[in-house]
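Just so we're aligned, residue 73 is where the sequence shown starts under my numbering, counting upward by one. To keep things clear, I will list the structure first and then write my remarks on it.
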Amino acid sequence: MLREFQPQDTDALADIIRITWGYDKFGSHETACKLARAYLDLCLTNQTYTQVAIVNDVPVGIIMGKNINKHKCPEYLNMRQKQSMEELCATKEGRDAAEFYKTIERIDDELLKQCEKPYQGEVAFFVVNAEYRGYGIGGKLFDAMLSYMKQEEIHDFYLFTDTSCNFSFYEYKGMKRQQEIKHQFTVQGKSFAFDFFLYDYHW
73 MLREFQPQDT
83 DALADIIRIT
93 WGYDKFGSHE
103 TACKLARAYL
113 DLCLTNQTYT
123 QVAIVNDVPV
133 GIIMGKNINK
143 HKCPEYLNMR
153 QKQSMEELCA
163 TKEGRDAAEF
173 YKTIERIDDE
183 LLKQCEKPYQ
193 GEVAFFVVNA
203 EYRGYGIGGK
213 LFDAMLSYMK
223 QEEIHDFYLF
233 TDTSCNFSFY
243 EYKGMKRQQE
253 IKHQFTVQGK
263 SFAFDFFLYD
273 YHW
């Protein structure tokens with residue numbers, strides 16, 4: 073079943089985010105949970121459309137789309153995101169984790185700048201619980217988002233992804249890679265290399 077995001081989905085979706093992107097490598101479990109919540113709340117400020125996949129009454133995935141021209145974040149989502157970021161940044165470990173995402177934001181900005189294209193929409197966020205991949209849930213979420221884009225007459229939209237994700241899924245769905253940036257991070261004394269991509273879709 074697919075439906076719009078509801079506040080009670082937060083904990084389950086934040087946990088999927090924490091596990092999918094390995095946030096526990098940033099330090100304590102508490103920091104990892106706060107980082108996942110802060111990232112989810114940040115994504116929720118950047119959308120005009122959400123669909124959550126529900127299996128046995130439990131959220132197992134979410135996709136967020138954005139009509140750029142219509143986007144205006146509700147104040148309660150701004151306040152929610154501000155609060156979760158303040159909780160994350162209350163410790164040095166949390167501030168270091170937040171800096172990691174600020175770096176990714178800068179990379180994403182550069183990817184978009186390199187495209188030199190006025191997109192109408194964005195896939196603002198997309199994740200499916202790894203235990204439920206291969207059952208067509210991701211495909212249903214993506215197709216629902218695509219229907220939204222077509223309903224809104226959004227002919228060109230994009231998304232950011234990287235080598236920590238199953239980016240070949242987007243190619244399977246007809247998206248094309250337009251830009252790529254390589255970057256190496258050092259977290260807790262360990263180095264992690266990523267390739268960051270911008271994919272887009274036109275119909």
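Where a beta carbon is used, it is the ideal one built from N, C-alpha and C, also for glycine.
Distance, residue j Cα to residue i Cα
i	j	result
C237	S156	24 Å
Y242	Y121	19 Å
I89	W275	30 Å
I140	Q223	14 Å
Y111	R178	15 Å
E188	H143	21 Å
K248	S219	18 Å
P190	D81	33 Å
I91	V195	21 Å
K262	E225	45 Å
A86	K154	16 Å
A202	G137	21 Å
K97	C145	31 Å
C105	T163	13 Å
P79	T258	34 Å
A170	N128	33 Å
E159	R109	10 Å
Same chain, Cβ closer than 6 Å to residue i, neighbours up to 5 away in sequence not counted
i	result
I135	Q123, F198, L213 and M217
E165	G99 and T103
T235	F266 and D267
F264	F257
Cβ-based burial, residue i [other Cβ within 10 Å; buried from 16]
i	result
T175	exposed
V132	buried
Y244	exposed
M221	buried
F77	buried
G206	exposed
G211	exposed
Close Cβ partners of residue i (< 8 Å) along its chain, the five nearest in sequence each way excluded
i	result
R75	Q123, V124 and I126
Q119	M136, G137, K138, H143, A196 and F197
For residue i, the residue or residues it bridges with in DSSP
i	result
R249	Y271
Y230	E194 and D272
F257	F264
A125	L74 and G133
N238	Answer is none; N238 lacks a bridge partner.
N139	G193
Same chain only: Cβ atoms within 7 Å of residue i, ignoring 5 sequence neighbours per side
i	result
A84	V130 and P131
L183	F232, Q251, I253, F268 and L270
H227	Q192, H274 and W275
M151	none
R167	C161
W93	S236
G246	Y273
Q186	Q251
L149	L116 and T117
Within 8 Å, strictly: CB atoms of residue i and residue j
i	j	result
Y230	D272	yes
L107	Y95	yes
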